[in-house]
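Chains as they are written, first to last, in our numbering: chain B, 469 to 752; chain S, 42 to 306; chain X, -7 to 335.
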Amino acid sequence: MSNRRYGYYYTAPLVFWVLAFFLIPISIILVFSFLKKGLYGGVIYEFSLSAYQSLLNPTLFKVLITTLYMSCVATLLTLMLAIPTGYFIARSKHKNFFLFLIIIPFWTNFLIRIYAWIAILGNNGFLNQFLIKSGLLENSIQFLYNPLAVILVLTYTYLPFAVLPLYSTIEKFDFSLLEAARDLGATKFESFYKILLPNIKSGIFSAILFVFIPAFGAYAIPQLVGGRNSFMIGNIIARELTVTRNWPLASAMSSMLTFITIIGVLYFLRENNKGSKNKTNVKA
Amino acid sequence: MSKHKTSSFNRGLYSTSMFILTIFFFYAPILVLLIFSFNSSKSMMWEGFSWRWYSDLIYKSPALWASFDKSLIIAFFSALVSTFIGTIGAIGLYWYNIKFKKTLQLMTVVPMLLPEIILGVALLIFFSSAGMKLGLFTIFLAHTTFCIPYVFLIVMSRLDEFDKSIVEAAYDLGATELIVLTRIIVPICIPAIVAAFLISITLSLEDFVITFFVAGPGSTTLPLYIYSMIRFGVSPVINSLSVIILIATVILSLLSLKFAKGIFK
Amino acid sequence: MKINKLVILCSMILLLFLTGCVGGKKEKPTLYVYNWTYYLPAEVITAFEKKFNVKVVYDVFSSNEEMFAKLKAGGKGYDLTFPSGDFTKIMIKEGMLAPIDKTLIPNFKYIDGRMIAKIKFDEGNKFSVPYMVGTAGIAVNKNQVKNYEHSSSIFGRSDLKNKMTLLDDMREVIGLALKNLGYSVNTTSDEELTKAKDLVLQWKKNVLKFDSESFGKGFASDEFLVVQGYAENVYLELDESQKSKVDFFVPKEGGPMYMDSMVILKDSKNIALAHQFINYILEPENFAKIVDFLGLPSINTGTKKFTTTTPNYQIEDLANCEFKEDLGEAVEKYNKIWEQIRI
């Protein structure tokens, strides 16, 4: 592939966009994190490391751990639902229809859907009433306002973002491989684990990114369905930006998070590339 | 591509039941919403059937409709542009050996990692120091910005591990680049492009935080409008609007299934 | 080939859209108002538009903090906004406001002198014109809660554990505790603040969550029985039939209160029109429509003969309440305490 000229033209719009709207905001954030905070928000243009010093705060660490825990569980749950769902759609005859079916609920407003969940899970909500009327429960259970409710709604909110990339990779998967494996005596689980999963790795990778990252930065969800202690890192950043008006600290936190996730992404990309190289070798 | 078979293995019991579970999970709140849109009371307790919120929506909510129009326009165009830029960029990066490939790949994904509120403020600072007038256009730019990484990753994961020999063969048979692009690469990517477009629409219709910052006078989108109601209670008119949106999209998707097969397949 | 058609179609729509953006010049003078949602009934705005043959573009925000962060980061184009007292002061200090020319606002004379006397955030009203006063009170579901006093100590009742919410707002919650202990809501004394912190921590054991967004909905569906919050927020979620279950009161110890003011932004291009708008709002007949709509006490002395409803609470109920002031550097103390309470 050496004599092809159009490659640069293909990437030109992307390069332009990356330069104009990605790099500049990120640089602004990075610069802000090294400045002094203005009393009423904004920054004072003097070099300072105080934002990074305030990062070494044990309460912050505690919040980071909770956030990590909640977004990991939500990502796992999402994958467990999304892989079979993507598989089902990829194999069905009405792919586009099912795709729409998956995505349509999410064209309604987010806040409204959360309120609907509150109506379902509340003490006088549908679920509790159903359980009480059917005699399974005597008193209503407090489903809402705890970490589990946050995880549930996170899973709900980001599930479609996992289904779509998984669908698009599973769709091109050569299903005859599965049958071949079965013919050779592999169990269903083995053929799934050893054949399907490695072949849709890049789809899984995108799905994880699409769920984990927004879940990690979530802030409206913990505010609406979380309990008295449900602070996630997104809430803290939003708070530093608006309420306590410490813009450098908010910037420093975001820079740190971005930095950590970049390392994760790089690692993932490397593993991913390794995997695909091995596979082409096998094919050849 | 393998053709469809309907043996028991293909339509596994497990994937079918998980699919049904997912659909149930997705539509449970929608069902609640549907029920409440016909509730005669404002609260989340059933008081009786009424068309009240639908008539309010149709006759008394011009501001709501105006914001809805804006959201729709922005969602459509930012999804269109981001799908175009992201797809063509992913194809370019994937099929050509371009300098700084890794860096570009990484930089494309990074904006996804920034917390929304931070990206919102950073974009606002950028737009206002560049002297741009805040409004629908800046919202469109911002939405396109946060949609591109999603499009890019979806198309990239579709291209990944694709059998390159088909393209080589096409070139050997004398196909031009344009033909290879439009007849081979793009058709291969169609499922990913459709998925990416849908995700972009969703992201754009959904976004509140970033939009809040980059919006200018007179460019209140639907989420901005709804969120700002929080202090005074969100009106059930929004429920009836959601139901109407749902029904319209279901009809549209059914139509597209019938008439647009040629485009999507 | 169908793909090509699709591409052509889409680019044509795009072109249409872009040209649509460029065209459409406005001829009428336009006033850009940035306000809380539902804070001004649409009929008042339309009447103003008709009377002066102008156009009003009305945008909304949901918290002072958001509005301020946006304007601070460079959000331009608005003429008029409605910050609360502490933010009015901050905006004055940051030089974001244009001075008010009172000769252009003859209706200023209707504003209740008792209220003007309490203003410290902008003494002499050089930059702001009062709009509304109010306070976060406490709403109790009296069908289910019996034997209580009109006091903020209700949050100490462990028999109501997990049935109560406090606002997710540092100044409101700490302020309520400070007043409960008999201190000022603007105190900077470490000792007083520590005591207030301990009190809030006790309350925290009984409250289900800190919530500023959906307590009204939760209260309407009997999920929460006691909530700290704004009256309009509680009442707007309820139908007439349900209103009888609410007992909304301002705690006898008092609490923080707010005054939202009308201010003109410095980079406004319609300063004269903005003054005209403020004056129009203060016209007793118009102001009455607004307080009827909001259910808030009127600070306009001329509205009595025009109002048709009684507000959810009276100016007199606010006797023990105190305006929240901007705390300057001392806000750090509050931040620290709030962090210890919340996390």
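Note that beta-carbon positions come from the ideal geometry of N, C-alpha and C, so glycine has one too.
* Put X:I97 into one of helix, strand or coil per three-state DSSP. => Looking up residue 97 of chain X in the third sequence gives position 105. Secondary structure at X:I97: coil, using DSSP grouped into helix, strand and coil.
* Beta carbon of X:A65, beta carbon of S:L194: below 7 Å? -> Here residue 65 of chain X is taken as the residue at index 73 of the third sequence, counted from 1. Here residue 194 of chain S is taken as the residue at index 153 of the second sequence, counted from 1. No.
* When the cut-off is 7 Å and only beta carbons count, does B:N591 lie next to chain X? -> Mapped onto the first sequence, residue 591 of chain B falls at position 123. Contact with chain X is found for B:N591, since one of that chain's Cβ atoms lies less than 7 Å from the residue's Cβ.
* Once you ignore the five residues that flank X:F53 on each side, which residues in its own chain have a CB closer than 7 Å to its CB? -> On the third sequence, residue 53 of chain X is found 61 positions in, with the first residue counted as 1. Same-chain partners within the cutoff: Y26, W28 and M59.
* Using a Cβ cut-off of 7 Å (strictly closer), state whether X:S76 contacts chain S. => Taking the third sequence and counting its residues from 1, one reaches residue 76 of chain X at position 84. X:S76 does not count as touching chain S.
* Asked: Does the Cβ of B:S636 have 16 or more other Cβ atoms within 10 Å, making it buried, or fewer, making it exposed?
  -> For the purposes of this step, residue 636 of chain B is taken as residue 168 along the first sequence, with counting starting at 1. Flag for B:S636 reads buried.
* Asked: Just by C-beta distance, which residues in the segment 25 to 54 of chain X are closer than 9 Å to chain S?
  -> Answer in chain order: V25, Y26, W28, T29, Y30, Y31, A34, V49, Y50, D51, V52, F53 and S54.
* Asked: From B:L487, B:V511, B:S560 and B:I580, pick the residue whose C-alpha is nearest to that of S:I267; which is it?
  -> Within the second sequence, the letter at position 226 stands for residue 267 of chain S. When only C-alpha atoms are compared, the closest one is B:I580.
* Asked: Does DSSP put B:F736 in a helix, in a strand, or in coil?
  -> Within the first sequence, numbered from 1, the residue matching residue 736 of chain B stands at position 268. Looking at B:F736 - three-state DSSP - the assignment turns out to be helix.
* **Own chain partners of B:L734 with C-beta closer than 6 Å, once the 5 adjacent residues on each side are dropped** => To locate residue 734 of chain B, count along the first sequence from 1; it is residue 266. Result list for B:L734: empty, nothing under 6 Å.
* Is it true that the segment 118 to 132 of chain X meets the segment 181 to 191 of chain X, where meeting means three or more beta-carbon pairs spaced less than 8 Å apart? -> Because the criterion of three Cβ pairs below 8 Å is not met, the segment 118 to 132 of chain X and the segment 181 to 191 of chain X do not touch.
* Asked: Within 10 angstroms of its Cβ, does X:K155 collect 16 or more other Cβ (buried), or is it exposed?
  -> Position 163 of the third sequence holds residue 155 of chain X. For X:K155, the number of other beta carbons within 10 angstroms of its own is at least 16, and it is reported as buried.
* Of all the residues that make up the segment 602 to 630 of chain B, which are near chain X by a beta-carbon distance shorter than 9 Å? -> Under the 9 Å Cβ criterion, the segment 602 to 630 of chain B contributes Q610, L612 and Y613.
* Keeping to the same chain, check which residues put their C-beta closer than 6 Å to that of B:M721; ignore five residues upstream and five downstream. => For the purposes of this step, residue 721 of chain B is identified with residue 253 of the first sequence, where counting begins at 1. Correct list, in chain order: I705.
* To do: Could you check what DSSP says for X:K42 in three-state terms: helix, strand or coil?
  => Taking the third sequence and counting its residues from 1, the one referred to as residue 42 of chain X is at position 50. Three-state result, X:K42: helix.
* To do: Select from X:K316, X:I307, X:L310 and X:F279 the residue whose C-alpha is nearest the C-alpha of X:F298.
  => Translated into positions along the third sequence, residue 298 of chain X becomes position 306. It is X:F279.
* Name, going along the chain, the residues of the segment 154 to 172 of chain S whose beta-carbon falls closer than 7 Å to a beta-carbon of chain X. => Those would be V162, L165, I166, S169 and S170, in chain order.
* Given a limit of 8 Å on CB to CB distance, which residues of the segment 488 to 522 of chain B reach chain X? -> Result list: L507, Y508, G509 and G510.
* **Under 7 Å between C-beta atoms of S:F60 and B:F556** => Counted from its first residue, the second sequence places residue 60 of chain S at position 19. Counted from its first residue, the first sequence places residue 556 of chain B at position 88. Yes, the pair counts as a contact, with Cβ atoms nearer than the cut-off.
* Asked: Any chance the segment 516 to 533 of chain B sits against the segment 198 to 207 of chain S, with 3 or more Cβ pairs inside 8 Å?
  -> Under the 8 Å Cβ criterion, the segment 516 to 533 of chain B does not count as touching the segment 198 to 207 of chain S, having fewer than three qualifying pairs.
* Would you call S:I158 buried or exposed, if buried means 16 or more other Cβ atoms sit within 10 Å of its Cβ? -> Along the second sequence, one-based indexing puts residue 158 of chain S at 117. If you draw a 10 Å sphere on the C-beta of S:I158, you find 16 or more other C-beta atoms in it, and that means buried.
* So, using beta-carbon positions, are X:Y102 and X:G294 closer together than 7 Å? -> Here residue 102 of chain X is taken as the residue at index 110 of the third sequence, counted from 1. Here residue 294 of chain X is taken as the residue at index 302 of the third sequence, counted from 1. In this structure, X:G294 lies closer than 7 Å to X:Y102 by Cβ.
* Specify, as a first and last residue, the run of the beta strand (DSSP E) that B:S698 falls within. => Taking the first sequence and counting its residues from 1, the one referred to as residue 698 of chain B is at position 230. Note, B:S698: premise wrong, no beta strand (DSSP E); not H, not E.
* Option nearest X:S351 by Cα separation, candidates X:D318, X:Q332, X:N327 and X:M251 -> Only positions -7 to 335 of chain X appear in this structure, which leaves residue 351 of chain X out of reach.
* Using DSSP with H/G/I as helix, E/B as strand and the rest coil, what is B:K504? -> What you label residue 504 of chain B is simply residue 36 of the first sequence in a count that begins at 1. Correct three-state label for B:K504: strand.
* Between the beta-carbon of S:M191 and the beta-carbon of S:I240, is there less than 7 Å? -> Counting from one through the second sequence, the residue named residue 191 of chain S turns up at place 150. Counting from one through the second sequence, the residue named residue 240 of chain S turns up at place 199. In the sequence as presented, Met is not what sits at residue 191 of chain S; that position holds Tyr. Less than 7 Å divides the Cβ of S:Y191 from the Cβ of S:I240.
* **Straight-line Cα distance separating S:P232 from B:A686** => The residue you call residue 686 of chain B lines up with position 218 of the first sequence. The residue you call residue 232 of chain S lines up with position 191 of the second sequence. It is roughly 29 Å from the alpha-carbon of B:A686 to the alpha-carbon of S:P232.
* Asked: Does DSSP put X:V121 in a helix, a strand or coil?
  -> Looking up residue 121 of chain X in the third sequence gives position 129. Of the three classes helix, strand and coil, the one that applies to X:V121 here is strand, per DSSP.
* Quick one: what does DSSP say X:K316 is sitting in, helix, strand or coil? -> Counted from its first residue, the third sequence places residue 316 of chain X at position 324. X:K316 falls in the coil class under three-state DSSP.
* Go to X:L274, then tell me how far its alpha helix (DSSP H) extends in each direction, as first and last residue. => Here residue 274 of chain X refers to the residue found at position 282 when the third sequence is read from its first residue. Segment I263 to L274, the alpha helix (DSSP H) holding X:L274.
* Asked: When the distance is taken between beta carbons, is S:E247 closer than 7 Å to B:F489?
  -> Within the first sequence, numbered from 1, the residue matching residue 489 of chain B stands at position 21. Within the second sequence, numbered from 1, the residue matching residue 247 of chain S stands at position 206. Not closer than 7 Å, so no.
* For X:D104 and X:I291, believed in contact at Cβ under 8 Å, the rounded distance -> Looking up residue 291 of chain X in the third sequence gives position 299. Looking up residue 104 of chain X in the third sequence gives position 112. Approximately 5 Å separates the beta-carbon atoms of X:I291 and X:D104; this is inside 8 Å, confirming the contact.
* At what residues does the alpha helix (DSSP H) containing S:W136 begin and finish? -> As a position in the second sequence, residue 136 of chain S is number 95, starting the count at 1. From DSSP, the alpha helix (DSSP H) with S:W136 extends over P103 to W136.
* Asked: Among B:N596, B:M700, B:F657 and B:L646, which one has its Cα closest to the Cα of X:R334?
  -> Along the third sequence, read from residue 1 onward, the residue named residue 334 of chain X stands at position 342. For the set B:N596, B:M700, B:F657 and B:L646, the Cα lying nearest the Cα of X:R334 is the one of B:M700.
* Can you give me the Cβ contacts of B:F566 inside the same chain, cut-off strictly under 8 Å, excluding the 5 residues immediately before and after it? => What you label residue 566 of chain B is simply residue 98 of the first sequence in a count that begins at 1. Excluding sequence neighbours, B:F566 sits near F556, I557 and S560.
* Taking only the alpha-carbon atoms, compute the straight-line gap between S:F253 and S:L214 and give it to the nearest angstrom. => As a position in the second sequence, residue 253 of chain S is number 212, starting the count at 1. As a position in the second sequence, residue 214 of chain S is number 173, starting the count at 1. One C-alpha to the other measures close to 53 Å.
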